[in-house]
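What follows is a set of notes on a single structure, which appears directly below.
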Amino acid sequence: MSSNTPSSSAGDSKFTQQELPACKPILTPRWAILAFTLISIVFIPIGVVSLFASRNVVEIIDRYETACIPQNFIYDKVSFIQSAANKTCSRTLRVKKLMEQPIYVYYQLDNFYQNHRRYVKSRSDSQLKDRKSEGEADSCKPENKVGNMTIVPCGLIAWSLFNDTFNFNLNNQQLAVNKKGISWKSDRDSKFGKDVFPKNFQNSSLIGGAYLDPSVPLFSLLASLQGAKSSPFKLEQLRV
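As structure tokens, this is what we get:
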């Protein structure tokens with residue numbers, strides 16, 4: 746074939762040569778102003794409604810990590826936390842605007858890297874699901890064993906169980922706090938076996954958080970106590 750002969754190969758199609766029909770609108774100032782006006786008509790009312798809705802949200806933040814520490818432990822908070830001293834702390838929260846039900850209570854932790862790779866991997870899903878697999882704790886190091894005994898539940902996630910408790914009073918009357926319905930149904934139904942009980946938990950020399958009742962299965966603890974989306978042992982919210 747001569748070099749002057751036209752070729753009809755696939756490489757010469759309109760698609761590969763970018764010659765398909767296309768619309769190339771050129772925005773004139775008039776069209777640009779009209780387009781922005783229409784967008785403004787739609788989104789400005791939405792923004793105003795969202796602004797007023799956010800102003801009706803009543804949020805009260807109280808930081809007590811320093812206020813609840815005695816003066817003699819102010820520079821050694823870890824020693825106070827690990828001591829047997831009375832850690833009851835009363836705080837007064839002044840509500841300046843009406844708070845309608847339901848009222849949610851959250852806690853916030855600073856300098857706590859729950860998305861760190863080593864922390865996320867320090868758990869054993871098979872151990873939590875099946876009693877026969879409670880020895881599968883290699884992924885939980887360094888919180889996998891106490892001596893030669895396997896920890897159930899093992900890992901840093903369970904070990905750092907948040908153990909602050911909250912009671913709320915209004916005019917000397919205690920308010921009821923609902924701790925149910927705050928965990929995912931998939932966690933309760935699929936991730937935790939009903940015959941898995943805590944063993945050797947928080948029995949080492951270094952205590953990381955709260956204790957678990959060894960007579961209560963982990964399934965019941967999750968269903969009735971707490972459950973967060975990122976970890977089965979992190980309290981996410983309470984409803985007052």
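Residues 746 to 985 in this note's numbering are what the sequence shown lists, from first letter to last. Note that CB positions come from ideal geometry on N, CA and C, so glycine has one too.
Original post:
Cβ atoms of LEU901 and SER867: under 8 Å apart, would you say?
Top reply: On the sequence shown, position 122 is the one that residue 867 refers to. On the sequence shown, position 156 is the one that residue 901 refers to. In contact: SER867 and LEU901 (Cβ atoms closer than 8 Å).
Original post:
Count the other CB atoms within 10 Å of the CB of PHE978; is the residue buried (16 or more) or exposed (fewer)?
Top reply: Taking the first residue of the sequence shown as 1, we reach residue 978 at position 233. Because PHE978 sits at a pLDDT of 33, beneath the cut-off of 50, its placement in the model cannot be relied upon, and the following sentence gives the value as read from the coordinates. Under this definition PHE978 is a buried residue.
**OP:** Leaving aside the five residues before and after LEU970 along the sequence, list all residues of the same chain whose C-beta is less than 7 Å from its C-beta, in chain order.
**Re:** Your numbering for residue 970 matches position 225 in the sequence shown. Below a pLDDT of 50, predicted positions are generally treated as unreliable, and LEU970, at 42, falls in that range; the measurement from the model is reported next regardless. Cβ within range, chain order: LYS924.
**OP:** Identify which residue in LYS832, TYR851, SER799 has its Cα closest to the Cα of ILE1066.
**Re:** Absent from the structure is residue 1066, since the part of the chain shown begins at 746 and ends at 985.
Subject >> CYS899 vs ASN908 beta-carbon contact at 8 Å >> reply: Within the sequence shown, residue 899 is the residue found at index 154, counting from 1. Within the sequence shown, residue 908 is the residue found at index 163, counting from 1. Contact flag unset, no.
Original post:
Got a sec, what are the start and stop residues for the beta strand (DSSP E) PHE918 sits in?
Top reply: As a working mapping, residue 918 is identified with position 173 in the sequence shown. In the sequence as presented, Phe is not what sits at residue 918; that position holds Gln. Counting along the chain, the beta strand (DSSP E) containing GLN918 begins and ends at 918 to 920.
Original post:
Where do the ends of the beta strand (DSSP E) carrying PHE913 lie?
Top reply: Numbered from its first residue, the sequence shown carries residue 913 at position 168. Taken as a continuous stretch (DSSP letters only), the beta strand (DSSP E) holding PHE913 covers 913 to 915.
**OP:** Give the C-beta separation of ARG839 and TYR809 to the nearest angstrom, bearing in mind that I take them to be a contact with Cβ-Cβ under 8 Å.
**Re:** On the sequence shown, position 94 is the one that residue 839 refers to. On the sequence shown, position 64 is the one that residue 809 refers to. Incorrect: roughly 15 Å between the Cβ atoms, too far for contact.
Original post:
If you run the structure through DSSP and keep just helix, strand and coil, what is THR837?
Top reply: What you label residue 837 is simply residue 92 of the sequence shown in a count that begins at 1. It is coil, neither helix nor strand.
Original post:
How about PHE964 and LEU957: are their beta carbons less than 8 Å apart?
Top reply: Along the sequence shown, read from residue 1 onward, the residue named residue 964 stands at position 219. Along the sequence shown, read from residue 1 onward, the residue named residue 957 stands at position 212. No, these two residues do not count as a Cβ contact at 8 Å.
**OP:** Starting from TYR851, follow the alpha helix (DSSP H) in both directions and report where the run begins and ends.
**Re:** Within the sequence shown, the letter at position 106 stands for residue 851. It is not in any alpha helix (DSSP H) - TYR851 carries neither H nor E in the DSSP assignment.
**OP:** Return the CA-CA distance between LEU980 and VAL803, expressed in angstroms with no decimal places.
**Re:** Reading the sequence shown from its first residue, position 235 is the one you call residue 980. Reading the sequence shown from its first residue, position 58 is the one you call residue 803. At LEU980 the pLDDT is 34, less than 50, meaning the model places this residue with poor confidence; the figure from the coordinates comes in the next sentence. When rounded, the distance between both Cα atoms is 21 Å.
Subject >> Endpoints, the alpha helix (DSSP H) within which TYR864 is located >> reply: Along the sequence shown, one-based indexing puts residue 864 at 119. Its alpha helix (DSSP H) spans residues 862 to 866.
Original post:
Between VAL897 and ASN948, is the Cβ-Cβ spacing less than 8 Å?
Top reply: For the purposes of this step, residue 897 is identified with residue 152 of the sequence shown, where counting begins at 1. For the purposes of this step, residue 948 is identified with residue 203 of the sequence shown, where counting begins at 1. It is not a contact, given that the beta carbons lie outside the stated cut-off.
Original post:
Apart from the five residues on each side of it in sequence, which residues of its chain come closer than 7 Å, Cβ to Cβ, to ALA858?
Top reply: For this step, residue 858 is matched to residue 113 along the sequence shown. Before going on, a small fix: residue 858 reads as Tyr here, not Ala. Excluding sequence neighbours, TYR858 sits near TYR864.
Subject >> Per-residue DSSP class, three states only, for THR910 >> reply: Reading the sequence shown from its first residue, position 165 is the one you call residue 910. Three-state DSSP puts THR910 in coil, outside helix and strand.
**OP:** Report all residues from its chain with a CB closer than 8 Å to the CB of LEU765; omit the five preceding and five following residues, and keep chain order.
**Re:** Counted from its first residue, the sequence shown places residue 765 at position 20. Contacts found: LYS759.
**OP:** Rank GLN918, SER828, ASP940 by C-alpha distance to the C-alpha of GLU879 and give the top, closest one.
**Re:** If you number the sequence shown from 1, residue 879 lands on position 134. The option with the nearest alpha carbon to GLU879 is ASP940.
Subject >> 8 Å Cβ cutoff met for ASP870 and LYS936 >> reply: Position 125 of the sequence shown, counted from the start, is the residue given in the question as residue 870. Position 191 of the sequence shown, counted from the start, is the residue given in the question as residue 936. Yes, Cβ-Cβ distance for ASP870 and LYS936 is below 8 Å.
Original post:
Would ALA798 be called buried (16 or more neighbouring beta carbons within 10 Å of its own) or exposed?
Top reply: Your numbering for residue 798 matches position 53 in the sequence shown. With fewer than 16 Cβ atoms within 10 Å of its Cβ, ALA798 is classed as exposed.
**OP:** May I have the straight-line CA-CA distance separating TYR851 from GLN872, to the nearest angstrom?
**Re:** For the purposes of this step, residue 851 is taken as the residue at position 106 of the sequence shown. For the purposes of this step, residue 872 is taken as the residue at position 127 of the sequence shown. Distance between the alpha carbons of TYR851 and GLN872: 29 Å.
**OP:** Look up VAL897 in the DSSP assignment and give the residues it is bridged to.
**Re:** Within the sequence shown, numbered from 1, the residue matching residue 897 stands at position 152. DSSP lists LYS944 as the beta-bridge partner residues of VAL897.
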